[in-house]
Amino acid sequence: MDNRSNRKNWLEKNPKKVIGALVLLAVGGLAVVTEKLLARKNHGLIHPTGIQRSIKLREFNPLYRDVLVPNQEAMRMSDGLVQKPYVLRVDRQGFIMPAKIHDHPDLTIAFLGGSTTECVYVDEDNRFPYLVGRLLERQTHLKVNSYNAGRSGNNTLHCLNVLLNKVVNLKPDIVVLMENINDLAILMYDKTYWNDHPSRSPLMEKPPNFKTVGQDLEQTFHLVRDLTFPNLARELKKLSPFGRQGKGDEFHGVRGKKITIDQDLLVREFSLNLQTFINICRAREITPVLMTQPSRLTESPDPLIRKLMGSLEVSQGITYAEFKAAFDRLNQAIRDVGAQNQVLVIDLAREIPPVKENICDVAHFNDQGSRLVAARIAAGLIPVVKSLPKKPVTSN
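Quick look at the structure:
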């Protein structure tokens with residue numbers, strides 16, 4: 001019996017696969033050679049994709065839903081925060097809910113700012129942008145919609161983008177801006193708002209390369225996972241070192257480098273953005289309102305604040321006194337720009353007691369602080385509301 005058939009190797013047993021592989025290799029090799037020849041002919045000028053760039057609209061994703069519980073790191077960095085679930089809901093336009101209460105409001109107000117405006121670790125009904133609307137309704141008997149466009153990390157340049165690209169479309173009567181510490185951070189570290197910071201740059205770049213393809217595939221996987229198993233995915237993210245809590249320090253690239261605070265540069269750049277905010281609002285027939293930012297940066301800081309700010313001196317050589325002086329200068333710039341433009345400034349920095357019962361860390365409000373802030377803002381806005389021209393009566 002002939003045993004040659006039993007001794008055939010893989011190549012002999014799979015002639016069609018071998019031929020197919022050789023054809024693919026030949027076609028691939030021909031394509032590579034042709035590409036090289038064409039590149040030489042065109043002097044390497046062909047780049048049909050370029051780099052995709054877009055303006056970063058820093059907001060929560062529309063229709064985003066989450067239940068947030070402060071983790072141990074958040075609790076370690078605060079002494080006035082309750083560790084419990086906080087509901088976060090976002091509407092179709094990217095505003096933190098509750099927002100649009102009335103279809104035909106008599107008064108529309110929008111709030112711009114960073115994490116101290118978004119107030120994620122405050123109960124929904126106590127977040128001051130929403131609560132201001134309810135207080136004004138009681139005091140004026142008007143139907144009020146108040147929109148929260150705050151987003152953690154936003155500085156005044158981000159707020160200008162949000163103002164132009166989504167708030168103006170609401171046709172608001174009043175827009176209130178509160179910024180300070182985020183502007184201080186970006187200008188302290190990068191000396192400019194226009195930077196290549198991975199999360200705070202005003203521009204997004206998407207270069208065409210295989211790494212980008214991999215990121216797109218990863219995002220597609222995450223999307224399918226989150227749509228299919230949202231609750232399970234949420235719990236797994238908490239456990240993963242690569243999840244939300246594993247992203248690390250936003251400013252890791254400059255940590256450990258000795259820097260100096262140029263207060264004149266801070267005030268100049270910050271004031272220009274405040275002026276731009278006022279100009280845009282007035283050009284769009286919106287009443288602008290500025291607010292100073294309260295904090296627990298006092299002359300004699302309590303132990304928690306001293307501990308939180310101590311690392312800045314160790315890693316960057318910036319003393320507590322220097323940081324506080326810069327923060328105070330920006331609050332004074334808000335007062336100055338407001339006075340120069342005859343714009344209302346609600347001076348929360350002077351009106352909110354800097355204690356843990358109101359502010360749970362350096363600058364973030366807890367429920368009690370947010371309620372107090374809302375009361376101060378509502379009281380400050382009453383004269384502005386009364387001075388606004390009456391809207392024509394519309395039927396619901």
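Numbering follows our numbering, with no gaps: position 213 of the sequence shown is 213.
Here a beta-carbon is modelled for each residue, glycine too, at the ideal position from N, C-alpha and C.
**Request:** Scan the segment 294 to 380 and note each continuous beta strand (DSSP E) run of 3 residues or more that stays entirely inside, going in chain order.
**Result:** Fully enclosed beta strand (DSSP E) runs of 3 or longer: 344 to 346.
**Request:** Would you list the residues sitting across from Phe-451 in a DSSP beta bridge?
**Result:** Coverage of the chain is limited to positions 1 through 396, which leaves residue 451 absent and any answer about it impossible.
**Request:** Under 8 Å Cβ to Cβ from Val-362, same chain only, skipping five residues before and after it: list those, please.
**Result:** Taken in chain order, the residues that qualify are Ile-181, Ser-295, Arg-296, Leu-297, Ile-305, Leu-308 and Met-309.
**Request:** For the segment 115 to 172, list the beta strand (DSSP E) runs that are entirely contained and at least 3 residues long, ordered along the chain.
**Result:** Here the runs fully enclosed are 144 to 148.
**Request:** Could you name the residues of the same chain whose beta carbon sits closer than 8 Å to that of Ser-300, not counting the 5 residues immediately before and after it, in chain order?
**Result:** Excluding positions up to five away in sequence, the list is empty.
**Message:** With a threshold of 7 Å on Cβ separation, who are the neighbours of Asn-396 within its own chain once the five nearest residues in sequence on each side are excluded?
**Reply:** In this prediction, Asn-396 has a pLDDT of 48, which is less than 50 and means its spatial position is unreliable; what the coordinates show is noted afterwards. So the list reads Asp-103 and His-104, once near-sequence residues are dropped.
**Prompt:** Residues bridged to Thr-212 by DSSP?
**Reply:** According to DSSP, which records beta bridges pairwise, Thr-212 is partnered with nothing at all.
**Message:** In whole angstroms, give me the CA-to-CA distance for Glu-407 and Glu-357.
**Reply:** What is shown of the chain runs 1 to 396, which leaves residue 407 out entirely.
**Asked** Rounded to a whole number of angstroms, what is the C-alpha to C-alpha distance between Pro-383 and Leu-57?
**Response** Counting only the Cα atoms, Leu-57 lies some 32 Å from Pro-383.
**Request:** Decide if Gln-340 is buried, meaning its Cβ has at least 16 other Cβ atoms within 10 Å, or exposed.
**Result:** Burial call: exposed.
**Prompt:** Among Lys-36, Leu-344 and Ala-283, which one has its Cα closest to the Cα of Ile-408?
**Reply:** Nothing can be reported for residue 408, as the shown portion of the chain is limited to 1 through 396.
**Prompt:** What residue ranges within the segment 28 to 80 form continuous beta strand (DSSP E) runs of no fewer than 3 residues, ordered along the chain?
**Reply:** DSSP runs (the beta strand (DSSP E)) wholly in the segment 28 to 80: 52 to 55 and 65 to 68.
**Prompt:** Taking the beta strand (DSSP E) that Arg-284 falls in, what are its first and last residues?
**Reply:** No beta strand (DSSP E) holds Arg-284; DSSP gives it neither H nor E.
**Item:** Sub-8 Å separation of Gln-293 and Leu-348 beta-carbons
**Value:** Taking the C-beta atoms as reference points, Leu-348 is found nearer than 8 Å to Gln-293.
**Prompt:** Between Pro-48, Gly-50, Arg-89 and Ile-55, which lies nearest to Asn-61 when the distance is taken from Cα to Cα?
**Reply:** Answer by Cα proximity: Arg-89.
**Message:** Less than 8 Å between the C-beta atoms of Phe-365 and Thr-116, yes or no?
**Reply:** Here Phe-365 is near Thr-116, since their CB atoms are less than 8 Å apart.
**Item:** Residue(s) in a DSSP beta bridge with Arg-89
**Value:** Arg-89 is bridged to Arg-65.
**Message:** Please classify Glu-179 as buried or exposed, where buried requires at least 16 other C-beta atoms within 10 Å of its C-beta.
**Reply:** Buried.
**Asked** When the Cα atoms are used, what is the spatial distance from Lys-390 to Asp-91?
**Response** Linking Lys-390 to Asp-91 through their CA atoms gives a straight-line distance of about 28 Å.
**Prompt:** Under a Cβ-count criterion, where at least 16 other Cβ atoms within 10 Å of its own Cβ denotes burial, should Phe-277 be classed as buried or exposed?
**Reply:** So Phe-277 counts as buried.
**Item:** CB-CB length for Gly-399 against Glu-59, believed under 8 Å
**Value:** Nothing can be reported for residue 399, as the shown portion of the chain is limited to 1 through 396.
**Prompt:** Considering Lys-238, what are the terminal residues of the beta strand (DSSP E) in which it resides?
**Reply:** Careful: Lys-238 lies outside any beta strand (DSSP E), inside the alpha helix (DSSP H) at 230 to 239.
**Cβ shell of Asp-226 (< 7 Å), same chain only, five flanking positions each side left out** = Apart from sequence neighbours up to five positions away, the residues of its chain that approach Asp-226 with a beta-carbon distance below 7 Å are Ala-233, ordered along the chain.
**Item:** Where Pro-15 falls: helix, strand or coil (DSSP)
**Value:** Here Pro-15 carries a helix assignment [DSSP, helix/strand/coil].
**Request:** Put Gln-245 into one of helix, strand or coil per three-state DSSP.
**Result:** Any answer about Gln-245 is weak, because its pLDDT of 44 lies below 50 and its placement is not dependable; what the coordinates show is given next. Three-state DSSP puts Gln-245 in a helix.
**Asked** Touch check for the segment 319 to 339 and the segment 143 to 163: three-plus C-beta pairs under 8 Å?
**Response** Counting C-beta pairs closer than 8 Å gives fewer than three between the segment 319 to 339 and the segment 143 to 163, which falls short of the contact rule.
**Asked** Using a Cβ-Cβ distance under 8 Å, would Leu-297 count as near chain C?
**Response** Included in the structure is just one protein chain, with no chain C present.
**Asked** Nearest-angstrom Cα distance between Gly-20 and Ile-51?
**Response** If you take the alpha carbons of Gly-20 and Ile-51, they lie about 36 Å apart.
**Request:** With DSSP collapsed to three states, give me the class of Val-289.
**Result:** Under the three-state reduction of DSSP, Val-289 is assigned to strand.
**Prompt:** Under a three-way DSSP split, which group does Ile-259 fall into?
**Reply:** In the structure shown, Ile-259 falls within a coil segment according to DSSP collapsed to helix, strand and coil.
**Item:** Start and end residues, alpha helix (DSSP H) containing Met-188
**Value:** Boundaries of the alpha helix (DSSP H) harbouring Met-188: 181 to 190, taken from the DSSP string.
**Prompt:** Three or more beta-carbon pairs under 8 Å between the segment 329 to 339 and the segment 136 to 143, yes or no?
**Reply:** No: fewer than three Cβ pairs fall under 8 Å.
**Asked** Can the beta-carbon of Val-176 be found closer than 8 Å to that of Ile-109?
**Response** Going by C-beta atoms, Val-176 is nearer than 8 Å to Ile-109.
**Prompt:** What are the boundary residues of the beta strand (DSSP E) that Lys-206 is part of?
**Reply:** In the DSSP assignment, Lys-206 falls within the beta strand (DSSP E) that extends over 203 to 206.
**Prompt:** Should Asp-106 be labelled buried (16 or more other beta-carbon atoms within 10 Å of its own) or exposed?
**Reply:** When all chains shown are included, Asp-106 counts as buried.
**Item:** Bridge-paired residues (DSSP) for Ile-397
**Value:** The first residue shown for the chain is 1 and the last is 396, placing residue 397 beyond what the model contains.
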